[in-house]
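If you count by the working numbering, then the sequence shown holds residues 60 to 353, one letter each, in order. The beta-carbon is built from N, C-alpha and C at its ideal position, and this holds for glycine as well. Notes follow the structure.
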Amino acid sequence: MTAPLRRRIETALNSAIRQRRPLSGGNICDTSLCEMADGRRVVVKVLEPRPQPTDLKPVSLREEAAMLNRLRRTETLPVPAVLYSERDFLILDHIDNDGVGGGSGMMDLADGLAALHSQQSVRFGYDQPTPIGPLQRPNPWTDSWPDFFRDHRLLFLGRLAEEVGRLPPGCFARLERLCDQIHAWIPGEGPSALIHGDLWMGNVLFDKGRLAAVIDPAVYYADPEIELAFLTLFGGVGDAFFARYADHRAIDPLFFEERQLLYQVEPLLAHAWFFGGSYGRRVDEIVTRYVGPG
60 MTAPLRRRIE TALNSAIRQR RPLSGGNICD TSLCEMADGR RVVVKVLEPR PQPTDLKPVS
120 LREEAAMLNR LRRTETLPVP AVLYSERDFL ILDHIDNDGV GGGSGMMDLA DGLAALHSQQ
180 SVRFGYDQPT PIGPLQRPNP WTDSWPDFFR DHRLLFLGRL AEEVGRLPPG CFARLERLCD
240 QIHAWIPGEG PSALIHGDLW MGNVLFDKGR LAAVIDPAVY YADPEIELAF LTLFGGVGDA
300 FFARYADHRA IDPLFFEERQ LLYQVEPLLA HAWFFGGSYG RRVDEIVTRY VGPG
């Protein structure tokens, strides 16, 4: 943290930073836990420009602040309070978390997520692009969910990953074939619900066995099944979670049979674009499962 930035943060909070400790996580921000002279404990995220595979619109931390405030207004899932935001830094109230969730914490998450997914719209998208890591995802309001998912998630991300050579040979052509047939697997009459948009267990905080907060949202209106698919991508979610969620909102059995893997292609494409390696190969495995190797 530079001296000028430190002064800006201290001015914003009207208190001096007494102690600062780096926190892990994230790939576009340096994040610290700061002990302030007035006794407050806050989390400071500082945007650190880094070279990216493609030249995209810069991310602003004001957008993350706006999305946290949007989630807070739903009164469904707990989120950290936004204390101050600028383009290049964000100050949040610190949430105590020990990483211990257990059954009760997962039930809290299922209850809150089902309540969030009850916040509905008649169209899909959002009033502005939403960042996920260094990537700004487009969210033009669209009447059809399959069309939105095809054009503004699969093809958008697929082109980025192909552009920088992060997909196996022939994968993007297979992805285009899948997109041509997208209505065969995704119904057009699904609900439009507000989703967190970047929900995996690394963005869920637990404390003393209960849900403490969710962080790093990338909100937009989508078919809520895509959130459930993303949540299962890296593990940590079991049958008890889905049973509790289904107590509030029914889950179509075809989600698990046909759409769960298909929806996971989106975050895998984003990871392939940014990290490369096995993520691109996993995209190709899933796409080939749907459309074949030809």
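Taken atom to atom, the span from the alpha-carbon of Ala281 to that of Leu313 is near 17 angstroms. According to the DSSP assignment, Asp147 belongs to no beta strand (DSSP E), since it is labelled neither H nor E. For Glu94 and Val273, the gap between their C-alpha atoms comes out near 22 angstroms. Boundaries of the alpha helix (DSSP H) harbouring Val350: 337 to 350, taken from the DSSP string. Counting other Cβ atoms within 10 Å of its Cβ, Pro228 stays below 16 and is therefore classed as exposed. Annotation for Gln319: the continuous alpha helix (DSSP H) segment containing it runs 319 to 334. Membership of Ala125 in any beta strand (DSSP E) is not indicated; the residue belongs instead to the alpha helix (DSSP H) covering 120 to 133. Cβ contact annotation for Thr347 (same chain, cutoff 7 angstroms, sequence separation greater than five): Arg233, in chain order.
Lys104 is bridged by DSSP to Thr90, Leu149.
Around the CB of Pro199, fewer than 16 other CB atoms lie within 10 Å, so the residue is classed as exposed. When beta bridges are read from the DSSP output, Met95 appears opposite Ile76.
Where Ser251 is concerned, there is no enclosing alpha helix (DSSP H), although the beta strand (DSSP E) around it starts and stops at 251 to 254.
In the three-state DSSP reduction, Ala271 falls in the strand class (E or B). Of the residues Glu222, Arg129, Leu214, the one whose Cα lies closest to the Cα of Gln178 is Arg129.
By the Cβ rule, the stretch 290 to 301 does not count as touching the stretch 209 to 222, because fewer than three pairs are nearer than 8 angstroms. For Leu106, the closest C-alpha among the options Arg121, Leu92, Pro246 is that of Arg121.
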